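The number in my numbering is simply the position in the sequence shown, starting from 1, with 70 added. Contents: one structure, followed by commentary.
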Amino acid sequence: MLAFAGEAGLTVPGKALFLGAQPHPALARWPDVIGWQPLKPLAAAWDRAGFVRVEQPAGRYPLVLVLPGKSRDETLAWFALARDHLAPGGRLLAAMPNTAGAARFEKELASASGHIASLQKHKCRAFHALDDGKWREEVFAGWRALGERRLVSNTTFVVEPGMFSVDHIDPGSAFLAGHLPANLRGCVADLGAGWGFLSAAVLRRCPKVERIDLFEADVRALDCARVNLAGHAREIQFHWHDVCEGIAGGYDVIVMNPPFHSGQATDVDLGRTFLKTAAAALKRGGKLYLVANRQLAYEAVLEASGLVWRNAGEDRGYKLLFAERR
Ligand SMILES: C[S@@+](CC[C@H](N)C(=O)[O-])C[C@H]1O[C@@H](n2cnc3c(N)ncnc32)[C@H](O)[C@@H]1O
Numbered sequence: 071m072l073a074f075a076g077e078a079g080l081t082v083p084g085k086a087l088f089l090g091a092q093p094h095p096a097l098a099r100w101p102d103v104i105g106w107q108p109l110k111p112l113a114a115a116w117d118r119a120g121f122v123r124v125e126q127p128a129g130r131y132p133l134v135l136v137l138p139g140k141s142r143d144e145t146l147a148w149f150a151l152a153r154d155h156l157a158p159g160g161r162l163l164a165a166m167p168n169t170a171g172a173a174r175f176e177k178e179l180a181s182a183s184g185h186i187a188s189l190q191k192h193k194c195r196a197f198h199a200l201d202d203g204k205w206r207e208e209v210f211a212g213w214r215a216l217g218e219r220r221l222v223s224n225t226t227f228v229v230e231p232g233m234f235s236v237d238h239i240d241p242g243s244a245f246l247a248g249h250l251p252a253n254l255r256g257c258v259a260d261l262g263a264g265w266g267f268l269s270a271a272v273l274r275r276c277p278k279v280e281r282i283d284l285f286e287a288d289v290r291a292l293d294c295a296r297v298n299l300a301g302h303a304r305e306i307q308f309h310w311h312d313v314c315e316g317i318a319g320g321y322d323v324i325v326m327n328p329p330f331h332s333g334q335a336t337d338v339d340l341g342r343t344f345l346k347t348a349a350a351a352l353k354r355g356g357k358l359y360l361v362a363n364r365q366l367a368y369e370a371v372l373e374a375s376g377l378v379w380r381n382a383g384e385d386r387g388y389k390l391l392f393a394e395r396r
């Protein structure tokens, strides 16, 4: 996006806000860019590169950069967020891969701003608009509303756009929840806990569980999990954490529906790394309960990590793998 900015002849402003911030060598020329990034691995990369990061965007900037996430509602909500932090006369610049619907989102932004400039390269599009005081604020208001918390249908669980499984409970997670033994006890970890569905199932089904620790990369999902698990009279800890970095050990039980996507792309290694983290964090005699798409080959990793495993059931799409550290 920054290369695009250079080619478009955009001058480097005194300060800029970067929503969905990711480090890039070209940013060395940008003296005062402040990043906001809800995903822990990307936030950590931004921090490691030495840039300033905020937990919540604040203030107004002459330039707001946007690298949106995956979902339509999230992308449009981020455009509204960018608009909210743009100084009068400022410029909003977004970049997206074509496969993420860049052309469609460029049209959306053009419909709100009345004009747009665009560049295409490397199967991506960067587009930018200058606030000339004539933007259609009612369009941004509609997009702002798309970013608000809502309920997963037919449940009391709150979610926000962009996080995992916001329209319905994931069928794989529901399959696992329905097969969790009621006699689980001790300390439990939920890896890739999302907005808390599996943790809620553990707390509901297993009265002898004393503590549950949620580990999740998306801070927005973790914040929703805090709401979704409020009222349970057990110890609950929430960790904004990259599970691929490992976790402290000593767990009696680990539950998970491991992710297998990084951004848009399928990444089975991500799930495999989750398994290795889990194997290393279980006590001797500790148990792992996981659900996975049937075609994902996780069994060899369980074996190589020293776990004894069994296939505890399958349906048309998913398999349950239950394992123990002997
Ligand atoms: C398949 S979803 C399962 C979510 C939740 N457990 C459920 O059943 O609804 C996987 C979750 O892992 C999270 N995730 C992805 N990469 C992660 C990472 N490196 N560290 C921690 N969590 C991650 C995703 O944000 C997502 O919420």
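From the three backbone atoms N, C-alpha and C, an ideal C-beta is built for every residue, glycine too. A quick note: this is a predicted structure, and the numbers were derived from the prediction, not measured.
Helix, strand or coil: how does DSSP classify residue 124 here? DSSP, reduced to helix, strand and coil, places residue 124 outside both helices and strands of the structure shown, so it counts as coil.
CB-CB under 7 Å to residue 377, same chain, minus the five flanking residues each way: which ones, in chain order? 349, 358, 393, 394 and 395
Taking only the alpha-carbon atoms, compute the straight-line gap between residue 137 and residue 206 and give it to the nearest angstrom. 22 Å
Where does the unbroken alpha helix (DSSP H) through residue 139 begin, and where does it stop? Neither: residue 139 is in no alpha helix (DSSP H) and is coded neither H nor E.
Between the region 315-334 and the region 236-255, can you find at least three pairs of beta-carbon atoms closer than 8 Å? yes
Cα separation between residue 307 and residue 276? 17 Å
Below 6 Å, is the gap between the Cβ of residue 264 and the nearest heavy atom of ligand 1? yes
Ignoring anything shorter than 4 residues or poking outside the region 172-230, list the alpha helix (DSSP H) runs there in chain order. 172-183 and 207-216
Around the C-beta of residue 169, are 16 or more other C-beta atoms found within 10 angstroms, so that it is buried, or is it exposed? exposed
Given the structure, does residue 230 come close to ligand 1, in the sense that its CB is under 6 Å from one of the ligand's heavy atoms? no
Any alpha helix (DSSP H) of 4 or more consecutive residues that is wholly inside the region 251-292: 267-275
Looking at C-beta atoms only, is the number of pairs between the region 222-230 and the region 337-348 that lie closer than 8 Å three or more? Judged by Cβ distances under 8 Å, the region 222-230 makes no contact with the region 337-348, as fewer than three pairs qualify.
Whole angstroms are fine: how far does the CA of residue 235 sit from the CA of residue 309? Cα to Cα, residue 309 sits roughly 20 Å from residue 235.
Taking contact to mean 3 or more Cβ pairs, one atom from each stretch, closer than 8 Å, check whether the region 138-156 and the region 84-93 are in contact. Touching, yes.
Hey, would you say residue 85 sits closer than 7 Å to residue 312, going by beta carbons? no
Would you kindly work out how many angstroms separate the C-alpha atoms of residue 320 and residue 380, rounded to a whole number? 22 Å
Using a Cβ-Cβ cutoff of less than 8 Å, which residues in the same chain neighbour residue 97 once the five nearest sequence positions on both sides are dropped? 72, 103, 119 and 121
With a floor of 3 residues, list each beta strand (DSSP E) that falls wholly inside the region 293-335, ordered by position along the chain. Taken in chain order, the unbroken stretches of beta strand (DSSP E) that lie wholly in the region 293-335 and span 3 residues or more are 305-310 and 321-326.
For residue 385, count neighbouring C-beta atoms within 10 Å of its own C-beta (all shown protein chains included) and say buried if the count is 16 or more, exposed if not. exposed
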